[in-house]
Amino acid sequence: MQSDLQAFLQLDFFKQHGFTRKQCPECGAHFWTTNPEQEHCGDAPCVPYTFIGDPLGDHPYTASEMREAFLTFFEQHGHTRLERYPVVARWRNDVYLTIASIADFQPHVTSGQVPPPANPLVISQPSIRLNDLEEVGRSGRHLTMFEMMGHHAFNNHEQIYWSEKTIQLCDQFLQSIGVPTEQVTYKEGEWYGGGNAGACLEVLAAGMEISTLVFMSLQRSDEGSIEVNGEAYTEMPLQVVDTGYGLERLVWLTQGSETVYDAVFPDVITAIHDAVAAQNQEDIYALADHTRCLAFMLGDGIVPSNTEEGYLARLIARRALRFIERLQLDMTLDELVDLHLQQLKKDFPDLLMSRDAMHAMLDKESEKYEETLDKGRRLVARYVQEHGAIPEEKLIQFYDTHGVPPDVVKEVAGDAVSIPDDFASRVAELHSGSQPADRETQESRYSTEQLYYEQPYQRSFKATVTWTGTEDGNPAVILDTTLFYPEGGGQASDQGILRQDDTERQVLHAHKQGDAVIHILDGPLKQGTVEGTIDWQRRYDIMRHHTATHLINAAARHVLGSHIWQKGSALDDTEARLDVSHYRRITSDEIRQIEQTANAWTRDARPVTKQTRPREQAEQRYGMRLYQGGPPAGSTLRILEIEGVEVEACGGTHVDNTAEIGCIKITGTERVQDGVERIKFRAAEQALDYLHSRDQLLRETAGALDVSPEVLPQTVERFFTEWKQLRKQVEELQKQAVSSTVEDFHGVRIVTQDNLGSGAIKDITGQGNTVVVSKNIDDGTAAIHIARSPDIELDCNDIARETGNVLGGGGGGKPAVAQAGGPNVDAIDEAFEQAISLVKEQLKEKHL
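The following block contains the structure:
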């Protein structure tokens with residue numbers, strides 16, 4: 075341990091309360107104890123747990139009682155109680171999940187960039203860590219979701235309290251719940267993480283660590299003189315008291331039950347135990363833990379998917395489903411989560427509000443899981459047959475890409491695969507940290523005043539060119555002030571004109587570099603004064619589309635549920651798209667409701683206000699819904715508020731009133747990826763143009779069929795039904811005509827009928843012992859179709875590829891059916907004969 079940190083922990087508290095500093099003969103750590111006979115540090119595995127069957131505390135606490143005791147104690151000692159943050163860290167771009175109470179205040183508060191929401195403060199923060207998944211259920215103490223209770227002080231220009239008072243408060247709290255000072259050991263250590271470090275004390279009782287007191291005072295720096303874990307650190311401007319008390323561990327300590335699971339959710343364990351056919355206590359514990367974790371994950375808005383925090387939710391859900399399968403449990407996943415919701419509703423009523431959406435998501439996950447297992451088993455069997463042993467990277471790929479659990483792989487592959495003990499933890503680690511969006515790293519020594527925020531309706535301005543040069547071969551300038559909005563946040567940049575004397579240049583694009591806005595031009599300008607004019611109609615259409623994007627997002631959340639979060643957006647002057655988290659396809663009725671809701675807010679003529687607020691004030695007032703588009707950098711946030719509808723941190727340009735949008739028309743939806751839906755729409759004149767074009771298309775189609783638009787659907791349906799009937803009749807006639815075009819080639823029928831439809835080809839080859847070669851010309855393209863019966867050994871794909879060269883094109887398909895095609899229609903007979911010849915060659919090789 076670094077000597078400066080070690081010296082820091084020689085506190086007066088220990089001397090005043092009769093503690094002696096000793097060194098553990100097992101682990102070598104130094105610790106403080108009042109027991110003269112104590113030789114070991116008091117931490118497992120150096121000593122065993124002694125509280126099981128012999129609890130500490132003045133009475134057995136429930137989780138609710140312990141939480142309230144902690145929060146109340148620190149409130150009475152001058153701390154402000156904060157409500158919990160979500161378990162998904164929306165305010166951070168480096169991690170997906172909230173892993174500790176201090177994570178609520180990283181990086182902005184701990185760096186000193188933003189003042190804390192209160193100082194000092196106390197909070198009980200639900201946290202999720204997936205780095206020891208295999209130990210959950212097995213060890214008796216590991217949890218995926220736990221509450222970290224913390225009291226924090228941020229010592230900046232104002233000294234709140236530091237090490238001496240921290241340990242005094244810890245001692246007083248433990249005494250208040252009946253854990254006496256003489257039963258507690260303090261183990262010295264150093265803490266590091268997230269670019270910070272400091273001395274720490276692990277607080278131990280009856281063999282278990284129940285809290286950690288961290289004195290965060292260092293920040294990583296190449297020029298630092300203090301070494302922690304092999305890296306250089308220097309003093310940070312802030313001194314942060316970062317404490318973490320394990321709620322569940324303190325409950326366990328006072329109950330003395332066999333495991334932490336029996337102490338925290340005994341009713342759920344009993345319910346599972348009573349409904350299982352195969353008794354496996356470790357699986358029962360793990361299942362109870364995982365379903366509580368899912369209650370918080372889904373309740374806080376995570377939608378299971380294949381990416382980001384959704385991947386981690388799916389990981390937990392599928393592990394839970396695997397436990398249900400192994401236990402032969404007569405309960406569904408949503409029923410188990412519901413048991414937790416009922417237990418948690420008093421302390422976390424917000425979770426219960428998302429109950430219906432949770433059930434729908436979990437039902438969908440259960441369906442997908444069954445489909446995944448069926449496909450996965452076939453996939454693994456095929457791999458083993460073709461390649462033999464399954465390496466570790468392939469095992470991870472089976473899970474990561476195809477969702478096949480490792481024990482299912484083991485069932486199929488047997489000795490061909492070896493599963494690492496920490497497989498699930500490794501997979502979780504791969505997906506636990508997000509990749510921050512690429513930001514411009516090249517800082518500019520220039521800066522540009524951004525007029526487009528304060529004067530979004532202004533169309534022209536005067537400025538001075540402060541830099542000229544090129545970017546990617548194009549002339550470019552930086553101005554001291556500009557109205558041109560630079561591309562960012564999904565919004566396209568402004569375009570327009572810069573005039574200098576008699577020279578006029580088009581502004582093709584604008585983007586930010588540091589504090590400067592770089593304008594890309596169609597020709598060079600020199601330094602000096604310029605007059606700029608933005609393309610106002612383009613800007614105004616972009617403003618209307620951007621405000622419409624916020625309305626669509628709010629309307630989707632209103633119609634589909636509170637789990638809706640923005641996952642991406644893009645907009646310009648003609649159209650916009652919004653990607654949102656959702657667990658299934660959006661129905662046409664839901665699209666209609668979203669569109670109607672957004673247009674109702676437009677007609678209401680709701681004011682749209684834009685203002686800059688300190689980050690801490692904005693978070694306190696509006697909550698984490700601010701970060702729909704991700705967490706912006708900086709100590710201040712630009713807040714967009716649509717009265718009574720939506721509040722979001724947004725750096726784009728917007729109209730002043732929703733009435734300016736006119737109307738919004740959703741033009742389509744599509745699935746971007748599993749768990750993410752895309753809504754495409756147009757606003758204002760572009761929406762009307764879209765409606766007019768659709769109306770014109772409808773009238774032209776009705777005119778072609780010589781009917782009125784009102785009866786077009788029935789007419790099209792009738793025509794389609796008649797077409798299918800006629801097509802079937804044609805295929806029947808084709809099959810009847812085949813007899814005249816059949817050659818018996820050494821016992822195999824070769825059918826060479828022209829213009830055969832796909833249905834006829836399928837029926838003919840379905841008769842067995844048959845190969846079909848058929849040619850046709852359609853819209854200037856020649857095509858050769860080759861197909862075979864399942865009982866014939868023939869590679870149609872190879873034949874199609876070779877035949878396609880004759881037609882001046884290509885070919886391909888599957889071994890049983892393939893197609894060649896190309897523009898050389900004059901060579902179709904040659905290609906046809908070649909295909910027949912190749913068929914016969916393969917038949918000779920493989921059947922004779």
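For the sequence shown, counting from 1, position 803 maps to 877 in the working numbering; every step adds exactly one.
All residues carry an ideal CB built from backbone N, CA and C; glycine is no exception.
> Can you check whether the CB of R862 is closer than 8 Å to the CB of T956?
Replying inline: The requested residue 956 is not part of the displayed model; the chain covers only 75 to 922.
> Are the CB atoms of G562 and G725 nearer to each other than 8 Å?
Replying inline: Closer than 8 Å, so yes.
>> Taking only three categories from DSSP, how would you classify Q516?
In response: In this prediction, Q516 scores a pLDDT of 46, lower than 50, which makes its location untrustworthy; the coordinate-derived value is nonetheless stated afterwards. When DSSP states are grouped into helix, strand and coil, Q516 belongs to the coil group.
> Looking only at its own chain, which residues have a Cβ that is under 6 Å from the Cβ of I668, when we skip the five neighbours before and after it?
Replying inline: In its chain, beyond the 5 residues on either side, A629, A630 and V633 have a beta carbon closer than 6 Å to the beta carbon of I668.
> Comparing alpha-carbon positions, which option in N829, G831 and V816 lies nearest N843?
Replying inline: Considering only alpha carbons, the answer is V816.
> Could you give the residue range of the beta strand (DSSP E) that holds K684?
Replying inline: Under the DSSP assignment, K684 falls in the beta strand (DSSP E) whose first and last residues are V682 to P688.
>> Need the endpoints of the alpha helix (DSSP H) that Y335 sits in, please.
In response: From DSSP, the alpha helix (DSSP H) with Y335 extends over V334 to V338.
> V325: which of E907, F220, E796 and D316 sits nearest, CA to CA?
Replying inline: The shortest C-alpha to C-alpha distance from V325 to any of E907, F220, E796 and D316 is the one to F220.
> Of the choices G854, A874 and A369, whose alpha-carbon is the least far from that of I860?
Replying inline: Cα-wise, what sits closest to I860 is A874.
>> Whole angstroms are fine: how far does the CA of E382 sit from the CA of L503?
In response: For the sequence presented, residue 503 should be read as Glu rather than Leu. Rounded to whole angstroms, the gap between the alpha carbons of E503 and E382 is 12 Å.
> Can you check whether the CB of G92 is closer than 8 Å to the CB of T259?
Replying inline: No.
> Which residues in the same chain as R95 place their Cβ atom closer than 8 Å to its Cβ, once the five residues preceding and following it in sequence are excluded?
Replying inline: Taking C-beta separations shorter than 8 Å and ignoring five residues to either side along the sequence, the partners of R95 in its chain run Q84, F88, H104, F105 and W106, following chain order.
> For N314, which residues of its own chain have a beta-carbon under 6 Å away from its beta-carbon, when the five flanking residues on both sides are left out?
Replying inline: For the sequence presented, residue 314 should be read as Val rather than Asn. Taking V314 as the centre and dropping the five residues before and after it, the same chain places the C-beta of T184, F228 and M290 closer than 6 Å to its C-beta, in chain order.
> With a Cβ-Cβ cutoff of 8 Å, do H505 and Y385 count as a contact?
Replying inline: Yes, the Cβ-Cβ distance between H505 and Y385 is below 8 Å.
> What are the boundary residues of the alpha helix (DSSP H) that W610 is part of?
Replying inline: Taken as a continuous stretch (DSSP letters only), the alpha helix (DSSP H) holding W610 covers W610 to L634.
> Beta-carbon separation of I738 and A723 under 8 Å?
Replying inline: Contact annotation: I738 and A723 have beta-carbon atoms that are not nearer than 8 Å.
> With 16 other CB atoms within 10 Å as the buried threshold, where does E514 fall?
Replying inline: In this predicted model, E514 has a pLDDT of only 40, less than 50, meaning its place in the structure is not dependable enough to derive any value.
>> Output needed for T172: all residues of its chain with C-beta closer than 8 Å, excluding positions within five of it in sequence on either side, in chain order.
In response: Y159, P160, V161, V162, A163, D178, Q199, P200, S201 and I202, listed in sequence order.
> Can you tell which of N205, V302, S499 and R699 has the C-alpha that lies nearest to the C-alpha of I470?
Replying inline: It is S499 whose Cα lies nearest to the Cα of I470.
>> Can you give me the C-alpha to C-alpha distance between F906 and K849, rounded to a whole angstrom?
In response: Straight-line measurement puts the Cα of K849 at about 7 Å from the Cα of F906.
> I think L407 touches L436, with their Cβ atoms under 8 Å apart; what is that distance to the nearest whole Å?
Replying inline: About 5 Å separates the beta carbons of L407 and L436, which is inside the 8 Å limit, making them a contact pair.
> Are the beta-carbon atoms belonging to G20 and D363 less than 8 Å from one another?
Replying inline: Outside the modelled stretch of the chain, which goes from 75 to 922, sits residue 20, for which no answer is possible.
> Residues in its own chain within less than 7 Å of D336 by CB, not counting five upstream and five downstream?
Replying inline: Answer for D336: I343, listed in chain order.
> Where does D818 sit, in a helix, a strand or coil, going by DSSP?
Replying inline: Assigned with DSSP and collapsed to three states, D818 falls in strand.
> By Cβ distance below 7 Å, which residues in the same chain neighbour W265 in space, the five residues on each side in sequence not counted?
Replying inline: Taken in chain order, the residues that qualify are A271, G272, C274 and V288.
> If you draw a straight line from the C-alpha of Q90 to the C-alpha of L243, how long is it?
Replying inline: Cα to Cα, Q90 sits roughly 15 Å from L243.
> By a C-beta neighbour count over all protein chains shown, 10 Å radius and 16 as the cutoff for buried, is R366 buried or exposed?
Replying inline: The residue in question, R366, is buried, as its Cβ has 16 or more Cβ neighbours within 10 Å.
> If you check the beta carbons only, do Y123 and M282 fall under 8 Å apart?
Replying inline: Their beta carbons are under 8 Å apart, which means Y123 touches M282 by this criterion.
> Are the beta-carbon atoms belonging to L557 and G588 less than 8 Å from one another?
Replying inline: No, these two residues do not count as a Cβ contact at 8 Å.
>> According to DSSP, H433 sits in a beta bridge with which residue or residues?
In response: For H433, which the question treats as bridged, DSSP gives no partner whatsoever.
> Grouping DSSP H, G and I as helix and E and B as strand, with all else coil, what is P423?
Replying inline: Correct three-state label for P423: helix.
>> Between the segment 576 to 590 and the segment 686 to 703, can you find at least three pairs of beta-carbon atoms closer than 8 Å?
In response: Judged by Cβ distances under 8 Å, the segment 686 to 703 makes no contact with the segment 576 to 590, as fewer than three pairs qualify.
> Can you tell which of E305, V334, Q293 and G602 has the C-alpha that lies nearest to the C-alpha of T136?
Replying inline: Each of E305, V334, Q293 and G602 was checked against the Cα of T136, and the nearest Cα belongs to V334.
> Counting Cβ pairs, one atom from each stretch, are 3 or more of them under 8 Å apart for the segment 633 to 648 and the segment 546 to 556?
Replying inline: Put simply, the segment 633 to 648 does not touch the segment 546 to 556. Fewer than three CB pairs are less than 8 Å apart.
> Hey, T522 and T475 are a contact pair by Cβ (cut 8 Å); roughly how many whole angstroms apart?
Replying inline: Actually they do not touch by this definition, with Cβ atoms about 45 Å apart.
> Does the distance from the C-beta atom of L931 to that of L418 stay below 8 Å?
Replying inline: Residue coverage of the chain in this structure runs from 75 to 922, which leaves residue 931 outside it and unanswerable.
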